[in-house]
Amino acid sequence: MGVQGLAGTSSEGRPTPRPERIAILAGGVCTPIGQDVDAFWSALLTGADGISRIERFPVDDLRVGNGGEIKKLTRAIEWSRVPDCRASRLLVSAADDLLSQAGARPLPVAPERLAVVVGTALGGVEEGERALAGDVGRLPRALYDAPAHALKRWLGARGPAITVATACASGATAMGIGAELLRRGEADMVVAGGYDGLCRFVLRGFNGLRSLTRDKIRPFDRRRSGLLLGEAAGLVLLCREPDAGARRLGTLLGYGSASDAAHIAAPDPEGRGIERAMQGALAQAGVDAGDVDFVSAHGTATTLNDASEAKALRRVLGARLVPVNSIKGAIGHTMGAAAALEAILCLLAGRHGQVPATLGLEELDPACDLDLIRGAPRALRPRVSLSTSLGFGGCNAALVLQGAA
Amino acid sequence: MRGPAIRAIGLMTGWGVGAVAVPPDAVAAAGERRVLALDRPALDPERFRRSPRECVLGVAAVAAMLEDAGEGPEAIAGEDTGFVFVTAAAYAASNRQHIEPRGSNVYFPYTAPAAISGEVAIEYGIRGPYGILIGGPTAGVDAVAHAAEMLEAGTCRRVLVLGVEIFEECADLYDRAGGLDGPLVEAACGLWLEAGEGALTLSRGRGRRGSADGARRRLGEMLACEPLAALALHRASGRPGPVEIHAAWRGETTSLRWSHAPYRARRRAA
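Following this line, the structure appears as structure tokens:
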């Protein structure tokens, strides 16, 4: 493990070496507002709304049938090489963009040294739905780790393929574990990130929980009334910092995670779990909260999430006003993909010197008294960004990222 | 990486409680039985009224682990305990129940793999660093390696590695899908890891070679629980010295080797 000074102290009080920093060479996306990084970024800046009536499966019997649906996968991919599985195809679409952004097909690494680590909340569950409806040939793809292996085959990778399922924090956890694989020398490059597709399984579930809004998604707004789901995939290409050239998107400085141990479906109202995850990520990064220039919040627009997250952010960041946004108003809550997309957003903001506004936020909730970016993009070139993620089961994860200079 | 010590193991399988219940040959012992099921543990019915069987099994396996350690729940509560949960398919029963409800429907959040570990974290107050891996036996090995990394990084003092697999509710689907050989043996296994000595080496390859020491032949198909249960068998064998665990899944193999005997002496609860 490369050592770059001391990161802090362990839980036993001994000094701990700071882990080697991990370069993020490129990102790739497949989202309702763009199927490549450039289109995604432009759409975020212009305030594009990716929410629509879901058309791919019946929703008329559901209380809410809107979401961030991708109407058509538009990339020129030889789809016959990819299983007829929505989740796998979202992943491959994002991977195709990743290769374009990296400027390398195939990636410049021996197949045995290329790993895949992807996070998901739903895995191949839609395949299970379709199998139980009679298409039994889909059963082998119903396990949650099947799409990761489909991506691995498409990439021609022969290194480890790991699936993470920390619910809606999965994309962040995948990036953290991908960095771990690199640090212990198990791979020289890792394709890491997350994905999830929309399907009746999840729409019915969230409708049953009454978590979905009939209004717009309004993160941190006084009138917020719930989330809408979206489908997407977001991937980054990681390598050890000394192996990266000058061309890169940024650096993964730190990752932290923590369990709430509070509730199966709701965050700790005080946000103590996400606070610990943020502190862990900052400690691993070796940066102080005062160094954070921008926060990409989880910001789902549920009453409880936004209030608890705001409390945690205030405790971590102190009295200093740090710009914050949430992109869920534009694309919905993309579950396993969310954290990876938000990490890419942080790095693109560093590259372009602008941060997208929080679509749907009009009247800031006084209980969420953060410096939320609203109305229009803000001219800001964050050097160090913090990204937060929370999920069912009390999963919390945070990333500290640095944009390329 | 530094090899973690194994402070305690709690193993429950369709064969019974602990390594002592595991037969010498799973196929012979199973006879005509396709699934060796675990009963739903008799825990507080009000507290766990909505929890599916896989969640309660996870809680019970940790209770067995604590008994093995001779400790109470307070020993793993708090921010100094990390948690890595691993499964290939424990969520499948709840997923199926949500897709085709039979009688009472499952509370939707319990369809997530994270609900199993979430229920365990709530029950024992585990608030440290957290990971959930999905996959077969190789994911079980990855879970131990991830836990070892947590300890080496100093982010916690101990890590609970928990595996849960159940099959009964979806046995017909596994048969139709094919690919799983031998008796399907339900299992829940908790490992208590803490900082240890020596080295832990992880190696990867391709192929179908499973537990080289015969653990698979004894255990039957336990998916992600296989390597955790194999450690329980190894400890019970009383063989000193290094430990090697091999796992195979989807054409990948992963092996884990401790350079020394990792087991800490057990203290029995009073």
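Which chain is which? The protein sequence lines are U and Y, in order.
As numbered in this note's numbering, the first sequence has no gaps in its residue numbers, which increase by one up to the final residue, 405.
As numbered in this note's numbering, the second sequence has no gaps in its residue numbers, which increase by one up to the final residue, 1270.
All residues carry an ideal CB built from backbone N, CA and C; glycine is no exception.
{"Query": "Reduced DSSP secondary structure (H/G/I, E/B, other) of D293(U)", "Result": "coil"}
{"Query": "Three or more C-beta pairs below 8 Å linking the region 235-248 of chain U and the region 374-392 of chain U", "Result": "no"}
{"Query": "9 Å Cβ cutoff, V164(U) in contact with chain Y", "Result": "yes"}
{"Query": "Rounded Cβ spacing between L317(U) and V355(U) (contact assumed at less than 8 Å)", "Result": "So it is not a contact: roughly 16 Å between Cβ atoms."}
{"Query": "Any C-beta of chain Y under 9 Å from that of R247(U)", "Result": "no"}
{"Query": "Q35(U) at chain C interface by Cβ criterion, 9 Å", "Result": "Structure shown: chain C not included; protein chains present are U and Y."}
{"Query": "Exposure label - E231(U); buried when at least 16 CB within 10 Å", "Result": "buried"}
{"Query": "Nearest-angstrom Cβ-Cβ length linking L44(U) and L249(U), presumed shorter than 8 Å", "Result": "With 8 Å as the limit, L44(U) and L249(U) do not qualify as a contact, their Cβ atoms being about 16 Å apart."}
{"Query": "C-alpha distance - I331(U) paired with Y255(U), whole-angstrom precision", "Result": "24 Å"}
{"Query": "Complete beta strand (DSSP E) runs within the region 64-134 of chain U (minimum length 3 residues, chain order)", "Result": "114-120"}
{"Query": "Beta-carbon contacts of P1113(Y) that lie in its chain and below 8 Å, excluding the five residues immediately before and after", "Result": "F1085, T1087, A1090, Y1091, I1132, I1134"}
{"Query": "Other residues of its chain near T1155(Y): CB distance less than 6 Å, five sequence neighbours each side excluded", "Result": "P1129"}
{"Query": "Assigned exposure category for A133(U) - 16 Cβ within 10 Å defines buried", "Result": "exposed"}
{"Query": "Outcome for A265(U) when other beta-carbon atoms lying within 10 angstroms are tallied against a minimum of 16", "Result": "buried"}
{"Query": "Three-state secondary structure assigned by DSSP to D407(U)", "Result": "With chain U covering only 1 through 405, there is no way to say anything about residue 407(U)."}
{"Query": "E1074(Y) (DSSP reduced to helix, strand or coil)", "Result": "helix"}
{"Query": "Test item: CB-CB of R75(U) and D96(U) under 9 Å", "Result": "yes"}
{"Query": "Cα-Cα separation between A1225(Y) and I1245(Y), rounded to whole angstroms", "Result": "Here the sequence assigns Cys to residue 1225(Y), which means Ala is not the residue at that position. So the alpha carbons of these two residues sit roughly 12 Å apart."}
{"Query": "The region 101-113 of chain U touching the region 62-79 of chain U, judged by at least three CB pairs closer than 8 Å", "Result": "no"}
{"Query": "DSSP three-state assignment for A281(U), whether helix, strand or coil", "Result": "helix"}
{"Query": "Assigned secondary structure, H1234(Y) (DSSP; H/G/I helix, E/B strand, else coil)", "Result": "helix"}
{"Query": "Proximity of G273(U) and T334(U) at Cβ, strictly below 9 Å", "Result": "no"}
{"Query": "Distance cut-off 8 Å: A87(U) Cβ against heavy atoms of the ligand SAH", "Result": "As presented, the structure is devoid of all ligands, the ligand SAH included, so that no description of it is given."}
{"Query": "contact_flag[the region 191-210 of chain U, the region 281-300 of chain U] where n(CB pairs < 8 Å) is 3 or more", "Result": "no"}
{"Query": "Start-end ranges of the alpha helix (DSSP H) lying completely within the region 1084-1114 of chain Y, minimum 4 residues", "Result": "1092-1099"}
{"Query": "CB contact check: F1108(Y) to chain U, cutoff 9 Å", "Result": "yes"}
{"Query": "C-beta contact flag for E1197(Y) and H1260(Y) at 9 Å", "Result": "yes"}
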